[in-house]
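Peer 1:
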Amino acid sequence: MPISSSEWATAADPGYACCTFRGGVVSVDAASGEVNWRAHVIDEPAVETGETNPFGAARKGPSGAPVWNSPTIDAERGCFMSAPARPNLTGSRYQ
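In short: position in the sequence shown from 1, add 1361, done, that's this note's numbering.
#1: Counting only the same chain and skipping the five closest in sequence on each side, list residues whose C-beta sits under 7 Å from that of Asp-1390.
#2: Relative to the alpha-carbon of Asn-1414, which residue among Ser-1365, Thr-1371 and Ala-1378 has its alpha-carbon at the smallest distance?
#3: Under the three-state reduction of DSSP, which class applies to Thr-1532: helix, strand or coil?
#4: For Gly-1385, is the classification buried or exposed, using 16 other Cβ atoms within 10 angstroms of its Cβ as the cut-off for buried?
#5: Could you tell me whether the Cβ atoms of Ala-1418 and Pro-1375 are closer together than 9 Å?
#6: Tell me the DSSP bridge mates of Pro-1363?
#7: For Ser-1424 versus Ile-1403, is the C-beta spacing smaller than 9 Å?
#8: Reducing DSSP to helix, strand and coil, say where Asn-1430 ends up.
#9: From Trp-1429 to Ser-1443, what distance separates their C-alpha atoms?
#10: Quick check: the Cα distance between Ala-1407 and Arg-1420, rounded to an integer number of angstroms?
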């Protein structure tokens, strides 16, 4: 299943220390509901960058890359493919 977020909307709040979300996919056993595995698009969790926005809130990164589509599964090769949104790898507002 894709993992997405609405943090992009929360980021409009000038006091919000943005951003921490990192997209991914998760495999869940259909019968039991147990998580088989989880993979994030961005490996490392977000940390404070040492910068602040114009209102003084901390900036964090890396972040982004929500997965908004259903992955394609290639059972023959034992892999899946997914197309996340572009991640913010620098924690900067601009790229």
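Don't be surprised by glycine CBs; every beta carbon is placed ideally from N, CA and C. Values in this document were obtained by computation on a predicted structure and should not be read as measured data.
Peer 2: A quick look at the data gives this:
#1: Sequence-distant partners of Asp-1390 (beyond 5 residues in either direction) whose C-beta falls short of 7 Å from its own C-beta, in its chain, are Asn-1397.
#2: Between Asn-1414 and the set Ser-1365, Thr-1371 and Ala-1378, the nearest pair of CA atoms involves Ala-1378.
#3: With the chain covering only 1362 through 1456, there is no way to say anything about residue 1532.
#4: In summary, Gly-1385 is buried, with 16 or more beta-carbon neighbours lying within 10 Å of its beta-carbon over all protein chains present.
#5: Cβ atoms of Ala-1418 and Pro-1375: closer than 9 Å.
#6: Beta-bridge pairing links Pro-1363 to Val-1386.
#7: Contact annotation: Ser-1424 and Ile-1403 have beta-carbon atoms nearer than 9 Å.
#8: Coil.
#9: Taking the straight line joining both Cα atoms gives about 9 Å.
#10: Each residue's alpha carbon lies about 10 Å from the other.
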